[in-house]
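**Student:**
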Amino acid sequence: MLPPGIPDGDLAEPALLTLWPEGPDGPKHVEPTEVASLREALGTASAVLRDGSAAPWIITASGLILSPSWLMSTLPPAAEPHGV
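Note that this note's numbering numbers the sequence shown so that position 66 is 723, with each residue one more than the last.
1) Starting from the Cα of Val687, find the closest Cα among Pro678, Pro725, Ala718 and Asp665 and give me that residue.
2) Near Ala698, which residues of its chain fall below 6 angstroms by C-beta distance, leaving aside the five closest residues on each side in sequence?
3) Where in the region 664–739 do unbroken runs of the alpha helix (DSSP H), each at least 4 residues long, occur, reported from the N-terminal end onward?
4) CB-CB under 7 angstroms to Ala711, same chain, minus the five flanking residues each way: which ones, in chain order?
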């Protein structure tokens with residue numbers, strides 16, 4: 658499912674992903690990385706938000722800036738392990 662506000666064409670387009678490490682000793686500057694698609698950037702953002710290792714920021718091909726709080730609010734619930 659496409660997150661609200663994201664144009665359909667952006668999912669396959671490159672995106673810029675910035676991962677700010679969590680914690681008080683984090684860097685003062687982090688460079689964004691271009692990823693092959695917004696779909697890939699959303700997958701990485703989802704993973705780091707769930708494990709708490711970083712605060713992801715994404716800039717889409719159409720120029721939308723997706724903040725960590727916006728990303729967290731649009732993530733699907735984590736899958737339950739089988740047998741629970």
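For glycine and all other residues, C-beta sits at the position ideal for the given N, C-alpha and C.
**Tutor:** Quick answer:
1) Sequence index remark: in the sequence shown, residue 687 carries index 30 (1-based). Ranking Pro678, Pro725, Ala718 and Asp665 by Cα distance to Val687 puts Pro678 first.
2) Residue mapping note: residue 698 aligns to position 41 of the sequence shown, counting from 1. Its chain contains Ala672, Leu674, Val692 and Ile715 as the residues whose beta carbon lies nearer than 6 angstroms to that of Ala698, once the 5 sequence neighbours on both sides are disregarded; these appear in chain order.
3) 695–708 and 725–731
4) Position 54 of the sequence shown, counted from the first residue, corresponds to residue 711. Only Leu676, Trp677, Pro678, Glu679 and Val705 meet the Cβ criterion.
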